[in-house]
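Protein chains: 2
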Amino acid sequence: MGDHGGAGGSRRRRTGSRPSSLGSGGPAAVAEEVRDSVASPDVGAGGDARALARDKNGDARVGSGPLELRCHRLQDSLFSSNSGFSNYRGILNWCVVMLILSNARLFLENLIKYGILVDPIQVVSLFLKDPYSWPAPCLVIVANVFVVAAFQVEKRLAVGTLTEQAGLLLHVANLVTILCFPASVALLVKSITPASVGKKASGDSTQGTISYPDNLTYRDLYYFIFAPTLCYELNFPRSPRIRKRFLLRRLLEMLFFTQLQVALIQQWMVPTIQNSMKPFKDMDYSRIIERLLKLAVPNHLIWLIFFYWLFHSCMNAVAELMQFGDREFYRDWWNSESVGYFWQNWNIPVHKWCLRHFYKPLLQRGNSKWVARTGVFLASAFFHEYVLSIPLRMFRLWAFTAMMAQVPLAWIVGPFFQGNYGNAAVWLTLIIGQPMAVLMYVHDYYVLNYEPS
Amino acid sequence: MGDHGGAGGSRRRRTGSRPSSLGSGGPAAVAEEVRDSVASPDVGAGGDARALARDKNGDARVGSGPLELRCHRLQDSLFSSNSGFSNYRGILNWCVVMLILSNARLFLENLIKYGILVDPIQVVSLFLKDPYSWPAPCLVIVANVFVVAAFQVEKRLAVGTLTEQAGLLLHVANLVTILCFPASVALLVKSITPASVGKKASGDSTQGTISYPDNLTYRDLYYFIFAPTLCYELNFPRSPRIRKRFLLRRLLEMLFFTQLQVALIQQWMVPTIQNSMKPFKDMDYSRIIERLLKLAVPNHLIWLIFFYWLFHSCMNAVAELMQFGDREFYRDWWNSESVGYFWQNWNIPVHKWCLRHFYKPLLQRGNSKWVARTGVFLASAFFHEYVLSIPLRMFRLWAFTAMMAQVPLAWIVGPFFQGNYGNAAVWLTLIIGQPMAVLMYVHDYYVLNYEPS
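Respectively, the protein sequence lines represent chains L and B. Under the UniProt record's numbering, the first sequence is numbered contiguously, ending at residue 453. Under the UniProt record's numbering, the second sequence is numbered contiguously, ending at residue 453.
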């Protein structure tokens, strides 16, 4: 703009022919004025960032006539590539507004169609139906047997009353038995940890910290069992104090998001899934896809809430209570530009465990990185399937397949989609992949249990 | 990170106890390695921008034991405000993916429900039904009478055979008559322009350019009539040549977007509007809102396409054909953070005309800016209503009210919503306001013409 500043008084607005009130208009009038006074050198002085391509009009200014009547300049439209314009940040707000409005409509449509289906009592009554049968808590209590067994083996190994080989045998027997008690898979994973870590850690020691075998106490054992991590360490980093306000906020979040998840499942997921059964039976593909996309939105929202609820609210609440210092339960997976980045960052406790007790040992035994990575996904796929098959009492391999599909998916997304496109591809697989698996299991469960045949 | 670099060899990974293949892993392994080797000074050296808050763990490093077993550090979760983390750019991609998926589902649902309703012949057949009745083209041809009348008056004024007062009287009579011919409103607006500009422009003149009264030729008159602007100028800026590829692209866009608009209206708007009539009759408010939100999406998309079609494709095509240089038919209204900015930038030809022939003259007569602005909106509201009422043959004031509501709306949005919130508010009024007006007119038209009462 500066190079037009000296274009001379003849280019300026002829304020003499107008009431001076216009020329000396307040700041509110500046934007209006600037629009019209194209030939005036004060273009762009309105203080706003609307710096359009106004400096292309050098040739258009050759001319005569009173300048207030000149209101055209030689210039390109903004959408033309010649204009060099690229400020479309408003479009992002447009996306957000459209998204909120679309979902507001879906919410309203759902309410009109089904009324209010949310019923918190329903969940509680499921547990109260048979007040003397509490299978899950029983399993959790029984699981402690294995924890203590592993602990005792380790203790005898430390004193030397057991040989290394006998200890290994007992650990393996313990771990295999534990696989039969589904509620304790997390404990299984945790059991592997101290057994292998405790000994390796028998190195140097300094003041104020615990070293092997002083760590083999029930206090240390149960601190690890309840701590929000799967990797054992002799001296966990500890936070200095329990922040009561922080803890209260996390506890309130836990309560609120639990209710919200139940409400969304009852109000939004259940009717959508029920409506999907008929297209599935008829094998009506276009309707199946329509149902899948309809299910994707609530499923994804619930998964996002679940993520925040578990990895931020619950884990932070437990960590705050136990003064557990390492709060890195997740990293910025929402920015992942590759499938691998997502899996390495969305669930840090499991990722750390897989890395330390699976990926690295595999590498140390001379396997290639590719084999080690596939091995990790294989183990993960097995546990995903295990966690789903046992409660549903059917073995369908959908979860296994979904997890194993991540390996070829990473090959496809990696080289072909980068930056924001890679990020969008990761989101797409998350949004579409999950409801696909959900529909598969629900369909098979329905066929297996409710089909009249 | 640099301040931890000198933490000493004891912090480094004990590569001696491992196969060297791990220590010298390729670049692909770096990301994996970095994750775990928290105490290693090469954290963050993976070359990626995942610079999380890793430098808070100074105190966590005081400790003993082999460092490969340390995998926890004192740190906050990313969502905790203490973490200082604020990189959520992935969320924007999430919005885009969700928006595309939601609308893909709506599209599919629509197809399943209604089949293919698109029928380009239907539009053509409307015109062919009565092949000897072409009211619109007739009006356009007749409108030329007024143009020529205005031109002749102006010519006589220039030579001096008419007094200024007689000329003014004839111009006013001409303009009032033209109001009765709806198809020629654009010509009305254009007729005002040369009449008032031509004389004012009678000032200095330079070589190569035309000055008053040399401009009073039929050639000049019809160049202005067809040019994509409403503001007359003695010497319009001209583009040096007709770019054939540019013209072809614009013409193809014109064809394609015309078809697309017709298709979207037939497939998406018409069924949605038809489904809205029952809730309107029953005065079922929740369903009316649901229908309104359902209609908002196709209506808004069609408006966006219409905007591009008219202001970019059509106007640029005409301008290219006529070598009309000023292609600023719109500015970046999509970034508007206030209602005023939107109205000043989305329709530049009308905005320029309003500014030059309405807003500024009002200011010059000593009116306040507030009065002038309201006056412009009043005129705009009148023409909006006029353009809708005449073809529909009913006078309902919905369009008038919608335009006049912009004045109080600007008061509300201005001070309370700024930046991105202001932009979102502008989008919201655009997305919601238009279908509201559409539904009102359709409902009233339906009641007036098809109601059995």
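From the three backbone atoms N, C-alpha and C, an ideal C-beta is built for every residue, glycine too.
Beta carbon proximity, residue i to chain L, threshold 8 angstroms
i, result
"residue 90/B", "yes"
"residue 116/B", "no"
"residue 254/B", "no"
"residue 330/B", "yes"
"residue 356/B", "yes"
"residue 35/B", "Note that residue 35/B scores a pLDDT of 41, beneath 50, so its modelled location is shaky and nothing firm can be said."
"residue 410/B", "no"
"residue 27/B", "In this prediction, residue 27/B scores a pLDDT of 38, lower than 50, which makes its location untrustworthy; the coordinate-derived value is nonetheless stated afterwards. No - not a single Cβ of chain L is within 8 angstroms of the one on residue 27/B."
"residue 352/B", "yes"
"residue 8/B", "Residue confidence is low: residue 8/B scores 35 on pLDDT, short of 50, so the model does not pin down where it sits. No coordinate-derived value is stated."
"residue 55/B", "Confidence at residue 55/B is low in this model, with a pLDDT of 38, below 50, so the placement of that residue should be treated as unreliable; the coordinate-derived value is given next. Taking Cβ atoms only, chain L never reaches closer than 8 angstroms to residue 55/B, which makes this a no."
Neighbour list for residue i in chain L, Cβ cutoff strictly below 7 angstroms
i, result
"residue 237/B", "60, 72, 73 and 74"
"residue 101/B", "293, 296 and 431"
Extent of the continuous alpha helix (DSSP H) to which residue i belongs
i, result
"residue 454/B", "Because chain B spans 1 through 453 in this model, residue 454/B falls outside it and cannot be assessed."
"residue 82/L", "No alpha helix (DSSP H) holds residue 82/L; DSSP gives it neither H nor E."
"residue 404/L", "398-404"
"residue 460/L", "Only positions 1 to 453 of chain L appear in this structure, which leaves residue 460/L out of reach."
"residue 259/L", "244-264"
"residue 300/B", "285-307"
"residue 346/L", "Premise fails: residue 346/L is in no alpha helix (DSSP H) and is neither H nor E."
"residue 436/B", "419-450"
"residue 102/L", "89-114"
"residue 119/L", "Taken as a continuous stretch (DSSP letters only), residue 119/L belongs to no alpha helix (DSSP H), as it is neither H nor E."
"residue 282/B", "270-282"
"residue 177/B", "164-178"
"residue 152/B", "135-159"
Partners in chain L for residue i, counting only beta-carbon separations shorter than 8 angstroms
i, result
"residue 79/B", "308 and 312"
"residue 393/B", "Under the 8 angstroms cutoff, chain L gives no residues; its nearest Cβ is about 33 angstroms from residue 393/B."
"residue 325/B", "60, 72, 73, 74 and 75"
"residue 112/B", "286, 287 and 290"
"residue 108/B", "286, 289, 290 and 293"
"residue 173/B", "What residue 173/B touches in chain L: nothing, since even the nearest Cβ is about 25 angstroms away."
"residue 104/B", "293"
Proximity test, residue i beta-carbon vs the ligand HEM heavy atom, cut-off 7 angstroms
i, result
"residue 109/B", "This structure simply doesn't include the ligand HEM, nor any ligand for that matter."
Beta-carbon neighbours of residue i, restricted to chain B and to distances below 8 angstroms
i, result
"residue 94/L", "334 and 427"
"residue 347/L", "Ordered by position in chain B, no residue passes the 8 angstroms Cβ test against residue 347/L, which lies about 13 angstroms from the chain."
"residue 229/L", "72"
"residue 87/L", "332 and 335"
"residue 316/L", "77 and 80"
Residues that residue i contacts on chain B, provided the C-beta gap is smaller than 7 angstroms
i, result
"residue 149/L", "By Cβ distance, chain B contributes nothing, its closest Cβ being about 23 angstroms from residue 149/L, past 7 angstroms."
"residue 97/L", "424, 427, 428 and 431"
CB contact below 8 angstroms: residue i versus chain B
i, result
"residue 449/L", "no"
"residue 436/L", "no"
"residue 51/L", "In this prediction, residue 51/L has a pLDDT of 37, which is less than 50 and means its spatial position is unreliable; what the coordinates show is noted afterwards. Chain B, which has no Cβ nearer than 8 angstroms to the Cβ of residue 51/L, makes this no."
"residue 142/L", "no"
"residue 241/L", "no"
"residue 233/L", "yes"
Which residues DSSP lists as bridging residue i, in chain order
i, result
"residue 331/B", "In the DSSP output, where bridge partners are listed per residue, residue 331/B has none listed."
"residue 75/B", "326/L"
"residue 238/L", "324/L"
Under 9 angstroms from the C-beta of residue i: neighbouring residues of chain B
i, result
"residue 379/L", "The premise fails here: residue 379/L is roughly 16 angstroms from chain B at the closest Cβ pair, so nothing lies under 9 angstroms."
Counting only Cβ-Cβ distances shorter than 7 angstroms, please list the residues of the segment 419-430 of chain B near chain L, keeping chain order. 420, 423, 424, 427 and 428
Taking Cβ-Cβ distances below 7 angstroms as the criterion, which residues of the segment 262-292 of chain B are in contact with chain L? 286, 287, 289 and 290
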